[in-house]
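*Asks:*
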Ligand SMILES: O=C(O)[C@H](O)COP(=O)(O)O
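Written out as structure tokens, the structure reads:
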């Protein structure tokens with residue numbers, strides 16, 4: 001069904017910019033033979049470049065597919081999991097160039113579009129559980145992105161803030177539960193708290209305190225803004241939460257998406273990519289750009305930013321993702 005072509009990955013030098021325009025392949029993937037599954041439109045056995053978003057069909061997760069009865073067998077459980085990290089789309093204070101931090105502002109229309117576009121880019125990648133911060137801009141981004149997903153599962157924010165909240169939001173149908181994806185919100189993934197800079201204009205602040213000082217506050221590892229969090233302090237909560245709450249899902253073979261913020265994600269990527277406190281200064285995250293990692297045998301492999309829904313470089317090296325996507329295609333009418 002899928003034409004297999006192979007070519008060596010074109011590997012850029014290791015860069016710490018995640019701006020989505022340059023999909024970076026991990027250096028370790030340099031010599032990986034890309035086994036592209038070709039391009040096709042749903043149903044024709046050829047993967048299209050446009051996701052079948054809005055398609056009414058629901059598909060069975062490939063890992064749970066019944067045997068095909070012709071001596072075939074259900075694909076064995078994936079020994080690798082995918083992790084998608086995404087900074088929220090543009091917020092209304094991003095648009096006004098204001099320091100936001102832990103102030104809970106919504107997306108702009110542009111941020112909504114960015115989230116939808118991100119959803120199209122990851123619409124063929126399996127997602128079993130979603131984590132967001134407690135802030136609306138990350139939750140809006142996750143929900144809007146999931147509206148594009150071809151699996152068509154329903155993302156549902158879980159409420160465990162009290163026993164009553166948990167019991168009042170219980171789902172009593174196993175089938176319905178199977179067709180949903182839990183969205184876990186966590187304050188630990190909130191944006192770094194920007195202290196007395198919150199609400200100030202970034203340019204005016206640089207004019208007042210000096211460009212170097214503001215850059216130090218925004219990008220250094222251990223210099224906090226006035227009465228705010230340094231990246232190190234943000235990492236203490238965000239990376240700890242990631243290790244304690246997100247990694248166990250990946251270890252269990254679940255595919256995860258984390259929708260969060262520029263600096264809470266910078267602290268997580270610093271951990272995943274083993275960046276030094278010097279290297280992390282140059283790490284910048286654009287709004288609404290999905291970043292893909294593969295978790296395998298306890299290691300995180302950086303796979304770059306999926307530019308399109310069937311980009312070979314994303315699905316190469318990770319046969320399970322290619323199988324998932326092929327099966328989605330064959331199941332989506
Ligand atoms: O909190 C904010 O203002 C933004 O989310 C990130 O700001 P920064 O790019 O200045 O860290």
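Numbering (the UniProt record's numbering), first residue to last: 1 to 333. We put the beta carbon where it would ideally sit given N, CA and C, even for glycine. Computed from a prediction, not measured in an experiment: that's the story for all the values here.
1) With respect to the beta strand (DSSP E) encompassing residue 304, which residues constitute its N-terminal and C-terminal limits?
2) Between residue 310 and residue 124, which are expected to be in contact by the criterion C-beta below 8 Å, what is the C-beta distance as a whole number of angstroms?
3) By DSSP, does residue 265 sit in helix, in strand, or in coil?
4) Can you say whether residue 175 is buried or exposed, counting buried as having 16 or more other CB atoms within 10 angstroms of its CB?
5) Distance, Cα to Cα, residue 279 vs residue 221?
6) Which of the three DSSP states, helix, strand or coil, is assigned to residue 223?
7) Is the Cβ-Cβ distance between residue 255 and residue 109 less than 8 Å?
8) Between the Cα of residue 117 and those of 289, 304, 325, spot the shortest distance and give me the residue it belongs to.
9) Using the Cα positions of residue 219 and residue 293, report the straight-line distance between them to the nearest angstrom.
10) What are the uninterrupted segments assigned as beta strand (DSSP E) that are 3 or more residues long and contained completely in the stretch 97–149, given in chain order?
11) Just to check, is the beta-carbon of residue 261 closer than 7 Å to a non-hydrogen atom of ligand 1?
12) Looking at ligand 1, does it come within less than 7 Å of residue 99, judged from the CB to the closest heavy atom?
13) Taking the alpha carbon of residue 304 as the reference point, which residue from 98, 315, 296 has its own alpha carbon closest?
*Replies:* Once the coordinates are examined:
1) 299–304
2) 6 Å
3) helix
4) exposed
5) 10 Å
6) coil
7) no
8) The shortest C-alpha to C-alpha distance from residue 117 to any of 289, 304, 325 is the one to 289.
9) 23 Å
10) If we require 3 residues or more, the beta strand (DSSP E) runs fully inside the stretch 97–149 come out as 129–132.
11) Residue 261: yes, Cβ under 7 Å from ligand 1.
12) yes
13) Nearest of 98, 315, 296 to residue 304, Cα basis: 315.
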